[in-house]
Each structure stands twice: as structure tokens, then as C-alpha cells.
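Chemist:
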Amino acid sequence: MNKCNLLIFIMLFSGYIFAQSTEGYWDNIRATSATLTLSPRERIYVQTEQFPRGTTEIVYRITVLDDNQKISNNLFSVLKSIPDPSGISQGSAGAVFLLSTISGDDKCRYGIYSSEFAAKKYVENSKTDLACFFQNSPINKEAKLLSLSSKCNVEKNDKLYFVFTSDNWVMKQKIVLEVIPWVNYKAAKGWSAKAKQEVLENLKQQAIFKNCIKKEVVSALFLEDLISKQSFFDYKQLLTVEKNNLIDTILQGVLIKSGEIKAVVNFYRNQALTLFKNNNLENAILILQEKVIDSNYATASDYADLGKYYLFSKQYEKAFQTLQKAEQLDAALLKTQLNFAHYYLLTNQISSSKSIHKKYKLQNISATTTWIEQTTVDLKLLEDRGFSTENFNKIKSVLTN
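Take 456 as the starting number for the sequence shown in our numbering and just add one per residue.
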């Protein structure tokens with residue numbers, strides 16, 4: 456490759472790179488290109504192609520040609536060198552740059568309508584009051600950008616209707632209309648401010664979220680993660696149970712990332728305790744095992760609680776093994792020792808149970824609860840749950856002597 460060809464290649468390749476945008480793209484697939492022939496003073500309307508989801512701006516170009524003229528370069532070939540609509544709206548490659556280099560002597564008037572009904576009305580009576588834009592001065596070429604701020608709000612309308620009136624009195628004329636939409640990647644996913652707020656309202660209903668301290672941080676990270684994974688349109692199609700499951704899954708990762716995992720673990724601990732108090736032992740065990748212990752956030756106290764839940768569900772071997780794990784993590788945790796005493800009581804190893812009670816009965820289980828108080832509560836609960844009370848008095852005797 457000689458130096459001249461290499462230089463041309465580098466310039467073309469550089470232009471291609473610089474014209475790329477991380478925010479969106481010009482959609483040539485859903486572009487509108489129509490060649491119209493108008494009789495003298497005729498009025499007609501043209502419907503654009505349906506704009507793709509995520510369209511936030513459109514560029515259109517109108518060129519009036521003489522009979523034997525042709526456009527040398529189409530609108531898309533010009534837009535390829537403009538990375539995004541700001542290059543037009545800010546003037547660095549203004550609308551003048553977009554104009555066709557060729558045009559005829561004939562002129563026309565045109566307007567833009569957001570509904571076919573309004574466009575038809577113009578064709579019938581030439582009234583422009585329903586137009587979102589109308590060019591009263593005859594032109595032979597025009598190029599403009601329509602954005603969200605225009606009256607023809609392209610985000611709310613999936614198509615537009617262009618009307619034309621020939622300015623000729625005798626001869627027919629040829630008009631070329633080109634319309635190319637700009638598709639914003641984020642808008643294509645449907646994540647408007649309103650959509651985000653709707654999702655955040657769902658997030659606020661989650662019990663775990665209510666336990667978070669840094670709610671704003673969690674909300675921001677949650678939206679970022681959800682938007683990267685799914686469009687709002689797909690989210691809206693989910694059943695309520697599917698939405699809740701998706702929110703819960705994303706929230707778990709966000710809570711770890713935000714450092715709010717402590718709030719989550721405490722939430723599941725409290726949830727398991729509530730289930731235990733309601734005698735829903737199976738789910739109490741499941742929550743504590745899967746959400747706390749299997750997630751590697753468990754403490755000795757968690758294992759002690761799980762051991763107690765196993766005891767009340769009469770899974771004595773699992774209870775014993777779980778309490779041993781708690782003891783390995785913290786041998787000084789008296790809650791574990793009390794549950795060992797319950798294990799020996801319920802498996803008819805009375806002497807071992809009495810021995811533990813004698814050793815610790817004068818101490819506190821926690822800062823506010825004594826060993827004797829907690830034992831009394833537990834024995835009453837075992838009795839209420841239908842356990843045999845044959846040996847309970849022997850333990851009570853140890854506590855009072």
C-alpha cells in the first residue's frame with residue numbers, strides 16, 4: 456500500500472471512529488425516503504416509517520428537484536460523519552451542512568402533523584392550526600432536527616405526517632423527503648424518569664429495603680444494575696411474583712456492594728425468629744440456613760439459634776452437630792450451652808443436662824436475660840409445643856437449689 460492510499464485509509468478509518476457514539480445511533484433501517492410528484496397547487500400528505508423504540512430526535516431533509524435532477528448523496532451518508540444530534544443542534548455541523556447540494560428552481564410549502572387525521576384535514580382545507588410545525592415561506596430545500604423540546608415531540612409519537620403544497624401554478628414538481636431517526640440506547644430500553652420511579656416504588660415495598668440505612672445508595676445501585684440487565688418494557692411484562700423475584704435477586708447483590716449486607720442478615724435473622732415463634736419450624740430453619748449460614752455471614756449465635764430450631768423440630772442429631780459448630784466458633788457463648796442442656800434433656804441424658812445447668816445457672820445469657828429466666832421461658836415453650844415434661848421438674852429443681 457503506497458503512502459497516498461495509506462493516508463486516505465487512515466483518514467476514512469479515523470472519521471469512522473470519531474463518528475461513533477456510546478449514546479445511540481442513526482437508524483437507517485427505519486428511515487423514510489419518499490419521492491413525490493405534485494400537480495400544480497396540489498396538497499398531499501406522507502406518513503413516515505414507524506420510528507423505532509427509543510427515538511428521541513429525528514433529522515429530516517426536503518429537496519425540490521427539476522425533472523432530470525437526482526440527489527447525489529442521501530441524508531444518511533451525510534449523517535454518518537455526525538456522531539450524535541448535538542453535532543447538529545450545537546452548530547458544529549449545522550443544518551446547512553445537511554442540505555442537498557442539488558436542488559431545482561421550483562418551491563413548495565410543507566408542514567408536520569402528529570396525527571393522520573390532522574394531516575388529512577390540511578389536505579382538505581389547507582388549515583394549519585393543528586400542525587406542530589409549518590413552513591409558510593416557499594422553499595426548494597430544507598433540513599432540520601426535531602428534538603424532545605419541539606412541538607412535534609418524537610418521543611411520544613411513533614410516526615409523523617408531512618404535508619406538502621406545490622407552489623407551482625402550471626408545472627408539476629418533484630419533491631424528495633428523507634427522515635432518519637436518532638435512537639438513544641437508554642431510551643430504547645424504556646428507562647424514562649417515570650419508569651425508574653415506578654420501579655423504585657416497587658423496591659420500597661421490599662421488607663429488606665426497609666431495613667437498609669443507606670437507602671439512596673442502594674436505590675441508585677439497584678437501578679444501575681436493573682437497567683443494565685433488562686428493558687423496562689420486558690420488566691412490565693413480568694408477573695408480580697416474577698418482578699418480586701427479580702428485585703430480590705438484584706437487591707442481594709446491591710446490598711453486598713453497598714455494604715448494607717448487615718441489614719439484610721439481621722432481616723433474615725428476625726424473619727427466622729418470627730417463624731420460630733409462630734411454630735413454623737421448617738421455614739425458620741430454611742431461612743436461617745439458606746439466607747444466613749449458606750451465605751457465609753453466620754456467627755456462633757446463628758448456629759446456636761439453628762440448633763435450637765432443630766431441637767424443637769425433634770431433629771436431635773442435626774441439633775447436636777449444629778451446636779458443636781457454634782461452640783467451635785465461640786466457646787464462651789452461653790446460649791449454645793443452654794441449648795446443649797436442652798438437647799440432653801430431650802434425649803433423656805438428664806445427668807448431662809443437670810450438670811450444665813449447675814455450672815451456668817448463676818450467669819446471664821445476655822446483658823438483660825439471666826440463665827434461669829431463659830431456661831424457664833424455653834421449658835414453658837417446650838411444654839406448649841407438646842414435648843414430654845417428665846424430666847422438667849428435675850431441671851427446675853436444679854435451678855432453685
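Ideal Cβ positions, reconstructed from N, Cα and C, are used throughout, including at glycine.
Fair warning: this is a prediction, and the values are worked out from it, not measured in the lab.
Would you tell me roughly how many angstroms separate the C-alpha atoms of residue 546 and residue 533, rounded to the nearest one?
Modeler: On the sequence shown, residue 546 is found 91 positions in, with the first residue counted as 1. On the sequence shown, residue 533 is found 78 positions in, with the first residue counted as 1. Residue placement at residue 546 is flagged as unreliable, the pLDDT there being 42, under the threshold of 50; a coordinate-derived value is accordingly withheld.
Chemist: Take residue 594 and list the residues in its own chain whose beta-carbon comes closer than 8 Å to its own, dropping the five residues that flank it on each side.
Modeler: In the sequence shown, counting from the first residue as 1, residue 594 sits at position 139. Around residue 594: 517, 519, 562, 563, 564, 565.
Chemist: On a CA-only basis, which of 824, 601, 811, 677 is nearest residue 853? Give me that one, please.
Modeler: As a position in the sequence shown, residue 853 is number 398, starting the count at 1. Of 824, 601, 811, 677, the residue nearest in Cα terms is 811.
Chemist: In the structure shown, what three-state DSSP assignment does residue 569 receive?
Modeler: In the sequence shown, counting from the first residue as 1, residue 569 sits at position 114. Looking at residue 569 - three-state DSSP - the assignment turns out to be coil, as it is neither helix nor strand.
Chemist: Taking the continuous alpha helix (DSSP H) assigned at residue 820, which residues delimit it?
Modeler: Numbered from 1 along the sequence shown, position 365 holds the residue referred to as residue 820. First-last for residue 820: undefined, no H or E at that position.
Chemist: Please classify residue 558: is it buried, with 16 or more other beta-carbons within 10 angstroms of its beta-carbon, or exposed?
Modeler: Working through the sequence shown from its first residue, we reach residue 558 at position 103. That one is buried.
Chemist: Kindly identify the DSSP beta-bridge partner or partners of residue 588.
Modeler: Within the sequence shown, residue 588 is the residue found at index 133, counting from 1. Residue 588 pairs with 567.
Chemist: Looking at residue 763: is its Cβ nearer than 8 Å to the Cβ of residue 721?
Modeler: Position 308 of the sequence shown, counted from the first residue, corresponds to residue 763. Position 266 of the sequence shown, counted from the first residue, corresponds to residue 721. Not in contact: residue 763 and residue 721 (Cβ atoms no closer than 8 Å).
Chemist: Is it true that the CB of residue 630 sits closer than 8 Å to the CB of residue 619?
Modeler: Reading the sequence shown from its first residue, position 164 is the one you call residue 619. Reading the sequence shown from its first residue, position 175 is the one you call residue 630. Yes. Within cutoff.
Chemist: Compare the Cα-Cα distances from residue 856 to each of 847, 816, 842 and report the closest residue.
Modeler: Along the sequence shown, read from residue 1 onward, the residue named residue 856 stands at position 401. Among 847, 816, 842, the Cα nearest to that of residue 856 is on 816.
Chemist: Where does residue 555 land, buried or exposed, given buried means 16+ other C-beta within 10 angstroms?
Modeler: What you label residue 555 is simply residue 100 of the sequence shown in a count that begins at 1. By the 10 Å Cβ count, residue 555 comes out buried.
Chemist: Does the structure place the segment 763 to 775 close enough to the segment 733 to 752 that three or more beta carbon pairs sit under 8 Å?
Modeler: Because the criterion of three Cβ pairs below 8 Å is met, the segment 733 to 752 and the segment 763 to 775 touch.
Chemist: Identify whether residue 845 lies in helix, strand or coil by the three-state DSSP scheme.
Modeler: The residue labelled residue 845 in the question sits at position 390 within the sequence shown. Here residue 845 sits in coil by DSSP.
Chemist: Please report how far the alpha carbon of residue 715 lies from the alpha carbon of residue 670, in whole angstroms.
Modeler: Position 260 of the sequence shown, counting from 1, holds the residue named residue 715. Position 215 of the sequence shown, counting from 1, holds the residue named residue 670. When rounded, the distance between both Cα atoms is 9 Å.
Chemist: Using a Cβ-Cβ cut-off of 8 Å (strictly less than) and excluding sequence neighbours within five positions of residue 553, which residues of its own chain qualify?
Modeler: For the purposes of this step, residue 553 is taken as residue 98 along the sequence shown, with counting starting at 1. Contacts found: 514, 516, 530, 533, 534, 543, 598.
Chemist: Only counting the same chain, and skipping five residues up and downstream in sequence, which positions put a Cβ closer than 6 Å to that of residue 835?
Modeler: The sequence position of residue 835 within the sequence shown is 380, counting from 1. There are no such residues.
Chemist: Indicate the three-state DSSP secondary structure (helix, strand or coil) for residue 639 in the structure shown.
Modeler: Here residue 639 refers to the residue found at position 184 when the sequence shown is read from its first residue. It is a strand residue.
Chemist: Once the 5 residues before and after residue 705 are set aside, which same chain residues still bring their CB inside 8 Å of it?
Modeler: Residue 705 sits at position 250 when you count from the first residue of the sequence shown. Correct list, in chain order: 677, 680, 681, 684.
Chemist: Starting from residue 646, follow its DSSP beta bridges and name the residues at the other end.
Modeler: Your numbering for residue 646 matches position 191 in the sequence shown. Residue 646 is not bridged to any residue.
Chemist: Along the chain, where does the alpha helix (DSSP H) containing residue 479 start, and where does it finish?
Modeler: Mapped onto the sequence shown, residue 479 falls at position 24. Per DSSP, residue 479 belongs to no alpha helix (DSSP H); it is in the beta strand (DSSP E), 479 to 481.
Chemist: Take every Cβ of the segment 497 to 512, pair it with every Cβ of the segment 609 to 617, and state whether three or more of those distances are shorter than 8 Å.
Modeler: Yes, since at least three Cβ pairs between the segment 497 to 512 and the segment 609 to 617 fall closer than 8 Å, the two stretches touch.
Chemist: Going by the CB atoms, is the gap between residue 802 and residue 758 shorter than 8 Å?
Modeler: Walking along the sequence shown from the start, residue 758 turns up at place 303. Walking along the sequence shown from the start, residue 802 turns up at place 347. Going by C-beta atoms, residue 758 is not nearer than 8 Å to residue 802.
Chemist: Thinking just about the alpha-carbon of each residue, which of 664, 701, 813, 822 is nearest to the one in residue 849?
Modeler: The sequence position of residue 849 within the sequence shown is 394, counting from 1. Of 664, 701, 813, 822, the residue nearest in Cα terms is 813.
Chemist: So what does DSSP say about residue 557, is it helix, strand or coil?
Modeler: Within the sequence shown, numbered from 1, the residue matching residue 557 stands at position 102. Residue state, collapsed to three classes: coil.
Chemist: Taking the alpha carbon of residue 632 as the reference point, which residue from 484, 806, 491, 839 has its own alpha carbon closest?
Modeler: Within the sequence shown, numbered from 1, the residue matching residue 632 stands at position 177. Comparing Cα-Cα distances from residue 632 to each of 484, 806, 491, 839, the minimum goes to 491.
Chemist: Rounded to whole angstroms, what's the CA-CA distance from residue 747 to residue 603? Just pull it up for me.
Modeler: Translated into the one-based positions of the sequence shown, residue 747 becomes position 292. Translated into the one-based positions of the sequence shown, residue 603 becomes position 148. Their Cα atoms are separated by approximately 49 Å.
Chemist: Per DSSP, residue 525 is paired with what?
Modeler: Your numbering for residue 525 matches position 70 in the sequence shown. For residue 525, which the question treats as bridged, DSSP gives no partner whatsoever.
Chemist: Hey, residue 713 and residue 654: beta-carbon distance below 8 Å or not?
Modeler: Numbered from its first residue, the sequence shown carries residue 713 at position 258. Numbered from its first residue, the sequence shown carries residue 654 at position 199. Their beta carbons are not under 8 Å apart, which means residue 713 does not touch residue 654 by this criterion.
Chemist: For residue 499, which beta-bridge partners are listed by DSSP?
Modeler: On the sequence shown, position 44 is the one that residue 499 refers to. Partner(s): 619.
Chemist: Figure out for me which residue from 785, 610, 737 has the closest Cα to the Cα of residue 753.
Modeler: As a first step, residue 753 is located in the sequence shown; it is residue number 298 there, counting from the start. Here the closest residue by C-alpha is 785.
Chemist: So is residue 724 buried or exposed if we call it buried at 16+ other beta carbons inside 10 Å?
Modeler: Numbered from 1 along the sequence shown, position 269 holds the residue referred to as residue 724. So residue 724 counts as buried.
Chemist: If we ignore side chains and look at the alpha-carbon of each, how far apart do residue 777 and residue 749 end up?
Modeler: As a first step, residue 777 is located in the sequence shown; it is residue number 322 there, counting from the start. As a first step, residue 749 is located in the sequence shown; it is residue number 294 there, counting from the start. C-alpha separation (whole angstroms): 13 Å.
Chemist: So who's on the other strand from residue 674, going by DSSP bridges?
Modeler: The residue given as residue 674 occupies position 219 in the sequence shown. Paired residue(s): none; residue 674 is not in a bridge.
Chemist: Can you say whether residue 628 is buried or exposed, counting buried as having 16 or more other CB atoms within 10 angstroms of its CB?
Modeler: Locating residue 628 in the sequence shown gives position 173, counting from the first residue. Under this definition residue 628 is a buried residue.
Chemist: Ends of the alpha helix (DSSP H) at residue 782?
Modeler: Your numbering for residue 782 matches position 327 in the sequence shown. Element bounds for residue 782: 771 to 784.
Chemist: So what does residue 799 bridge to, in DSSP terms?
Modeler: Here residue 799 refers to the residue found at position 344 of the sequence shown. Looking at the DSSP assignment, residue 799 forms no beta bridge with any residue, so it has no partner.
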